[in-house]
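Presented below is the structure to which this report refers.
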Amino acid sequence: MKVRESGMPGEEVWSEFFEPKRILKKLGIDKTIRDIADFGCGYGTFTIPVAQTVKGKVYAIDIEPDMVEETKRKAEKRKLGNVETIVRDFVSNGSGLENESVDYVMLFNILHLNNPETLLREAYRILRKGGKLGIIHWNYDSATPRGPPMEIRPKPEQCIKWARNSGFNHPLQYDLKSYHYGIVLTKEGKR
Ligand SMILES: C[S@@+](CC[C@H](N)C(=O)[O-])C[C@H]1O[C@@H](n2cnc3c(N)ncnc32)[C@H](O)[C@@H]1O
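One gets the working numbering by counting positions in the sequence shown from 1 and adding 471 to each.
Written out as structure tokens, the structure reads:
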């Protein structure tokens, strides 16, 4: 089931809202990270810079074949051999990734879905102990140029509560400027 209000504007419009490299650095995605899963990769806005940064594999999952194809095309054009693209409905079917198989999960602009805790528990399942969860979402501000309707747009404290209920700890919150906040949480335990 496609996440409500998760359609995208054209890529030119979407990419104007982000400076991916700056955001990824702030959210702790650097070359110390090995494997990473991007839930709802969209145009690959973040997938591609992530693949240029991390040491291991990037699993780029999306329900829309066109989005997956676009991400794959970009990865191939840049000769990035570490991107595995997957067409899959992760709301209905989970990610399909093994337990404790990645070091970081990206839930970027996706947490306004109906059952956020189901997705957060899936993120928790596939993360290795000590792994990180990164969340980005539109500020809870009706003046942002896009974003889900305010009735379903989560506040950062709501995301933290859901994530804590799903097992995560140690939330750190960031202002990503100009229209988004970021949160990083940890799955505790020794690697
Ligand atoms: C708002 S976009 C965010 C894209 C990307 N994470 C970013 O921030 O640039 C949400 C993406 O999630 C995908 N999506 C929505 N529901 C999904 C589902 N049930 N399973 C997999 N992907 C889904 C959409 O196709 C879309 O590409």
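Backbone N, C-alpha and C fix where the C-beta goes; we use that ideal spot for every residue, glycine too. As the structure is a computational prediction, the values presented were derived from the model and not from experiment.
Query                                                                                              : Result
PHE579 versus ILE494, ALA614 and ASP501, residue with shortest Cα-Cα distance                      : ILE494
Strand pairing of ASP646, partner residues [DSSP]                                                  : TYR652
Minimum length 4: unbroken alpha helix (DSSP H) runs contained in the region 508-536               : 518-522
Test: LEU495 CB closer than 8 Å to a CB of chain C                                                 : No chain C is present in this structure, which holds just one protein chain.
Pick from ASP612, ARG475, ARG559 and ASP574 that is closest to LEU656, judged by C-alpha positions : ASP574
Where GLY567 falls, given that 16 or more other Cβ within 10 Å makes a residue buried              : exposed
4 or more residues per run - each alpha helix (DSSP H) lying fully within the region 580-660       : 587-597 and 627-636
THR542 in three-state terms, based on DSSP                                                         : helix
Segment contact flag, the region 581-597 with the region 629-636, C-beta cutoff 8 Å, min 3 pairs   : yes
Distance CB(ALA531)-CB(GLU555) smaller than 8 Å                                                    : yes
Between the CA atoms of VAL521 and ARG475 - distance to the nearest angstrom                       : 26 Å
Cβ pair LYS654, ILE606 closer than 8 Å                                                             : Inspection of the sequence shows that residue 654 is occupied by Ile rather than by Lys. In contact: ILE654 and ILE606 (Cβ atoms closer than 8 Å).
Beta-carbon gap between HIS583 and ARG624 smaller than 8 Å                                         : yes
Sheet register partners of LEU578 (DSSP bridge)                                                    : ILE606
Closer than 7 Å: PHE579 CB and nearest ligand 1 heavy atom                                         : yes
LYS658 burial status per 10 Å Cβ neighbour count (16 or more: buried)                              : buried
Which residues DSSP lists as bridging ILE504, in chain order                                       : Answer is none; ILE504 lacks a bridge partner.
Any non-hydrogen atom of ligand 1 closer than 7 Å to ILE654 Cβ                                     : no
Spatial distance of MET479 from PRO536 (CA atoms)                                                  : 14 Å
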